[in-house]
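Data first, discussion second: the structure below is written as structure tokens.
What follows is the structure, encoded as structure tokens:
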């Protein structure tokens, strides 16, 4: 009997040791900018649709959108804009085609991407509707400094700073917050803060309900690993390594304090952020809410799959609550 007990103890110790290793590895991969394994292997495992490009109608549409965004990025009314936040130097691209307008949008990119890649086309569409635009690179992304990825939680405070920068330019600005992927969760996490009245409408495309649940989804789908006890250990490690908890980084908890109109968008073919998270976010918010679900669209691709329907829905929603 004693031998069996020792075998059980050894097995439990071995399992916990392996779980700690897996949790530590996962945190290093997910939350630090400089991680070679993510760039060579992890990205393809977590978001395979990014690597399945061909010559379909959607690939051709994406190419055209990226070209339009690149041209917009270099327009004469565009300029680089920098902001010092703590020890970080954050970058954004500022577009002011309409110096006298009060209509502004801040467009926030996704995980391990950057503003030009994800949001230049979106910004160009807003400009066609008469908006000035600010497109930041989140900390540890693009041209912004930093090594710790904020997953929207640290970024929500940076977004508050960017809002204040817009208000320095135009004190009476009416501001739309638009985000995709991690940028969508950044917008939703920001919604629970003490926002100025200038922020009128929120649009969140394929955002996760919390970092804890998003990482749980990735452990299951990409790594084929169980959530427990790995995710519990990872949550504790995150507190020590990056200064925030995976559980506290919750769009759902922040949306419970939100009273602004929110449009939620998701594609049913999303393999990176499960589209079912839209329903959790929808249920959580206290403000006016609507949703748009695009059939079969992969992660952050809804405006590629149904561009006309997508932007008609977005601008109709915005104009309803922000004249």
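Numbering (the UniProt record's numbering), first residue to last: 1 to 323. Every residue gets a Cβ at the ideal spot worked out from N, C-alpha and C, and that includes glycine.
For the 8 Å CB-CB criterion, residue 260 and residue 191 form a contact.
Rounded to the nearest whole angstrom, the CA to CA distance from residue 182 to residue 100 is 31 Å. Taking the Cβ atoms as the reference, residue 66 lies roughly 7 Å from residue 121, within the contact range of under 8 Å. Around the CB of residue 147, fewer than 16 other CB atoms lie within 10 Å, so the residue is classed as exposed.
Taking residue 30 as reference, the option from 270, 303, 217 and 117 with the minimal CA-CA separation is 217. Secondary structure at residue 132: strand, using DSSP grouped into helix, strand and coil. Here residue 18 is not bridged, per DSSP, to any residue. Here the region 254 to 273 makes no contact with the region 161 to 170; the two share fewer than three CB pairs at distances below 8 Å. If you compare the alpha carbons of 134, 44, 233 and 41 with that of residue 15, the shortest gap goes to 233. Sequence-distant Cβ neighbours of residue 199 in its own chain, meaning closer than 7 Å and more than five residues away, are 163, 175, 177 and 260.
Here the alpha carbons of residue 173 and residue 197 stand approximately 10 Å from one another. A contact between stretches requires three or more CB pairs, one per stretch, nearer than 8 Å, and the region 34 to 49 fails this requirement with the region 151 to 159. For residue 300 against residue 118, the beta-carbon gap comes to about 7 Å, under 8 Å, which counts as contact. The Cβ atoms of residue 307 and residue 61 lie closer than 8 Å to each other. Here residue 109 carries a coil assignment [DSSP, helix/strand/coil]. Residue 288 and residue 254 have their C-alpha atoms roughly 15 Å apart.
Just measuring C-alpha positions, the residue of 139, 305, 322 and 179 sitting nearest residue 82 is 139. The alpha-carbon separation between residue 34 and residue 242 amounts to approximately 14 Å. If you draw a 10 Å sphere on the C-beta of residue 228, you find fewer than 16 other C-beta atoms in it, and that means exposed. Inclusion of residue 222 and residue 206 in the CB contact set at 8 Å is not warranted, their separation being larger than that value. Under a 10 Å Cβ-count criterion, residue 63 is classified as exposed, with fewer than 16 other Cβ atoms of the shown protein chains found around its own Cβ.
A distance below 7 Å between beta-carbons, with the five flanking residues on each side excluded, links residue 285 to the following residues of its chain, in chain order: 255, 258 and 262. With contacts defined as CB atoms closer than 8 Å, residue 90 and residue 137 qualify as a contacting pair. Contact annotation: residue 302 and residue 252 have beta-carbon atoms that are not nearer than 8 Å. Under DSSP, residue 104 takes part in a beta bridge, and its partners are 132 and 175. Where residue 265 is concerned, the enclosing beta strand (DSSP E) starts and stops at 262 to 267.
Exposed is the label assigned to residue 40, since fewer than 16 other Cβ atoms lie within 10 Å of its Cβ.
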